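Trainee: Just add 1 to wherever you are in the sequence shown, counting from 1, and you've got the numbering used here.
From the three backbone atoms N, C-alpha and C, an ideal C-beta is built for every residue, glycine too.
The structure presented is a predicted model; accordingly, all values stated were derived computationally and were not measured.
Pasting a structure below so you can have a look.
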Amino acid sequence: MSTVPWTIERIREALASPSLARRFDAELDRAPADELLSVFAKWQRIAGGLRAPATTDA
2 MSTVPWTIER IREALASPSL ARRFDAELDR APADELLSVF AKWQRIAGGL
52 RAPATTDA
């Protein structure tokens, strides 16, 4: 498990898809201030799920 904290940049990199990165940016851009943390957390889970198979040793 990585100890590097999630950042907006790290989430974008983990998404590894320009279309997903655009959706992520758009949701952050349009989210009201009181919803930013929940939008960030949602995309953190998505990005973490995409990274997990690549970092798991079999």
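With burial defined as no fewer than 16 other Cβ atoms inside 10 Å of the residue's Cβ, what is the status of residue 16: buried or exposed?
Mentor: For this step, residue 16 is matched to residue 15 along the sequence shown. By the neighbour-count rule (16 or more Cβ atoms within 10 Å), residue 16 is buried.
Trainee: Output the distance between the C-alpha atoms of residue 46 and residue 10, rounded to the nearest integer angstrom.
Mentor: Walking along the sequence shown from the start, residue 46 turns up at place 45. Walking along the sequence shown from the start, residue 10 turns up at place 9. In a straight line, the C-alpha of residue 46 is about 14 Å away from that of residue 10.
Trainee: Do you know offhand how far residue 28's Cα is from residue 14's?
Mentor: Translated into the one-based positions of the sequence shown, residue 28 becomes position 27. Translated into the one-based positions of the sequence shown, residue 14 becomes position 13. If you take the alpha carbons of residue 28 and residue 14, they lie about 16 Å apart.
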